[in-house]
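Protein chains in written order, with the numbering used here: chain A, 48 to 216; chain B, 596 to 734.
Every residue, glycine too, gets a C-beta built ideally from N, C-alpha and C.
Only a predicted model underlies this, so the values are computations on that prediction, with no experimental measurement involved.
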Amino acid sequence: MNCPYCGFVNAEGATTCASCDQQLPAAPPPPPAGYGQPPAEGYGYAPAPPPPAPPAPPAPPAYGQSTYGQPAYGQQGYGQPSYHQPAPIKNHLVMAILATLCCCVPLGAVGIIFASQVNSKLAAGDIAGAEKASKSALLWSWLAIGGGALIGIGYAALVAVSVVADSGF
Amino acid sequence: MRSAVAVRANAAERWLTVVAWGVLVVGGLLLVTGRDRFVPPCAFRTLSGLFCPGCGSGRALVALFRFDLPAALRANALVVGALPFTLAALALETASAWGFTVPRIGGWRHSPTVVLVVIIAFWVLRNLGGWPWELLAPH
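So this is what it looks like as C-alpha cells:
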C-alpha cells in the first residue's frame with residue numbers, strides 16, 4: 048500500500064513503511080493518521096474527519112542526498128509534527144516558477160515539468176528517478192535564471208555603452 | 596552520508612539562490628530606474644507578437660513599487676497574485692539551501708502540475724482577446 052506519509056509503495060500487509068519507517072494504517076483506504084493519533088478503528092462510531100495529512104516526512108538519509116546534518120531517524124515520534132524536517136529530495140519548484148515568470152518561459156517550464164516528475168516518481172517509490180529529476184529541475188532553473196541574468200546584463204551593458212557614446216564621450 | 600554528488604548539488608542549490616536574489620534585486624532596481632531603457636523586451640513577444648505569461652510583469656512590479664495595485668493587476672495579474680507566495684517560498688528555499696531547518700513547503704504531490712496548468716492556462720487565455728480575456732492581457 049502507499050505510505051500516507053511519503054507515498055512509498057510498500058508490499059501488501061506491511062505494517063511499517065520501508066521508506067520512512069512510519070507505521071502504516073491497517074485498513075485501506077488509509078485515513079491519514081493525523082499528527083500522531085493511531086487510526087481510529089473499532090470504536091463503534093464514525094471517526095471524526097481526519098485532519099489534513101501532514102507533509103511527507105523525509106525519506107531515510109541513505110540515498111546520497113544531504114540531510115543538512117540532521118538525522119531524520121529517532122525524531123519522528125508520534126505526536127511530533129514532521130514538518131520541521133528538511134525535504135530529502137527537492138523538486139526546486141520555486142526556482143522553476145521564478146525562472147518561468149522572470150527570465151525565460153520555455154526553460155522555466157521544463158524545470159516545472161521536472162519538478163512534477165520528482166513528485167510523481169517519489170510517490171511511485173522511484174527514489175533514484177526522483178533524484179535524477181531533481182537534478183534536472185535544478186539544472187534547467189540554472190539555465191533559465193543564469194542565462195536570463197547573463198542576457199540581461201549584456202543588454203544593460205550595451206544600452207549603457209550606447210548612452211555613453213551618445214553623450215559625446 | 597554526504598557523498599560528493601550530494602555536496603555538489605548542494606553548492607549548485609546555494610549559488611542558484613544567490614543568483615535568483617541577485618536577479619530580483621538588480622532587476623528590480625533596473626525596472627524602477629529605467630524600465631524602458633535597460634530591461635530587454637520579451638523575446639517571445641518580439642518574435643511572435645503574442646503575450647507570454649510574464650509579459651507585463653515589469654510594469655506590474657513598477658506599479659507595485661508605487662503602491663498602485665489596480666495598475667499592477669492590469670499589467671500582469673498572475674505575477675501580482677504569485678509574488679507574495681513566490682517571495683516567501685524563495686526565502687524558505689534559500690534558508691533550506693544554506694542549511695537552516697525550515698518548515699516544509701511544496702510537499703503536495705500535485706503542486707508542480709497545478710502550477711504548470713495555471714501558467715499555461717494564463718498564457719493561452721490572455722492571448723484570446725475579447726472580454727473577459729482581454730483583462731488578463733497587459734492593458
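Item                                                                                                              : Value
Buried/exposed call for B/HIS734, threshold 16 Cβ in 10 Å                                                         : exposed
Contact the region 647-658 of chain B vs the region 144-157 of chain A: 3+ CB pairs below 8 Å                     : yes
Reduced DSSP secondary structure (H/G/I, E/B, other) of B/CYS647                                                  : coil
For A/LYS174, the nearest candidate out of A/ALA191, A/ASN138, A/LEU186, A/ALA212 (CA to CA)                      : Note on identity: in this sequence residue 174 of chain A is Ile, with Lys being the wrong assignment. When each option's Cα is compared against that of A/ILE174, the closest is A/ASN138.
Integer Cβ distance of A/VAL165 from B/GLU688, believed to fall under 8 Å                                         : About 14 Å separates the two Cβ atoms, so there is no contact after all.
At least 3 beta-carbon pairs within less than 8 Å: the region 197-214 of chain A vs the region 169-187 of chain A : no
Contacting positions in the region 190-203 of chain A - beta carbon closer than 8 Å to chain B                    : ILE192, GLY193, GLY195, ALA196, ILE198, GLY199, TYR202, ALA203
Any alpha helix (DSSP H) of 4 or more consecutive residues that is wholly inside the region 155-216 of chain A    : 174-213
Beta carbon of A/ILE192 nearer than 8 Å to that of B/LEU673                                                       : no
Close beta carbons around B/LEU626, own chain, < 7 Å, minus the five adjacent residues each side                  : VAL634, GLY653, LEU656, VAL657
Uninterrupted alpha helix (DSSP H) stretches inside the region 611-696 of chain B (no shorter than 4 residues)    : 638-643, 652-660, 664-670, 672-692
Partner residues on chain B for A/ASN57, Cβ-Cβ distance less than 9 Å                                             : Neighbours of A/ASN57 on chain B: none; closest Cβ ~17 Å, over 9 Å.
Closer than 7 Å at the beta carbon, the chain A residues around B/ARG609                                          : Within chain A, no residue comes near B/ARG609; the closest Cβ sits about 11 Å away, beyond 7 Å.
Alpha-carbon to alpha-carbon, A/ALA61 and A/ILE144                                                                : 38 Å
A/SER209 and A/ILE136 closer than 8 Å at C-beta                                                                   : no
Against chain A: residues of the region 612-624 of chain B by CB proximity under 9 Å                              : THR612, VAL614, ALA615, GLY617, VAL618, LEU619, VAL621, GLY622
C-beta atoms of B/LEU711 and A/SER163 nearer than 8 Å                                                             : yes
Within 8 Å, strictly: CB atoms of B/SER691 and B/VAL697                                                           : yes
DSSP state of B/LEU723 mapped onto helix, strand, coil                                                            : coil
Given B/LEU682 as reference, the closest of B/ALA667, B/GLU608, B/VAL620, B/ALA638 once Cα atoms are compared     : B/VAL620
Cross-chain neighbours of B/LEU723 in chain A, by beta carbon under 7 Å                                           : What B/LEU723 touches in chain A: nothing, since even the nearest Cβ is about 18 Å away.
Under 7 Å from the C-beta of B/PRO707: neighbouring residues of chain A                                           : ASN138, LEU140, ILE159, ALA162, SER163, ASN166
Proximal chain A residues relative to B/SER652, where beta-carbon distance stays under 8 Å                        : LEU148, CYS149
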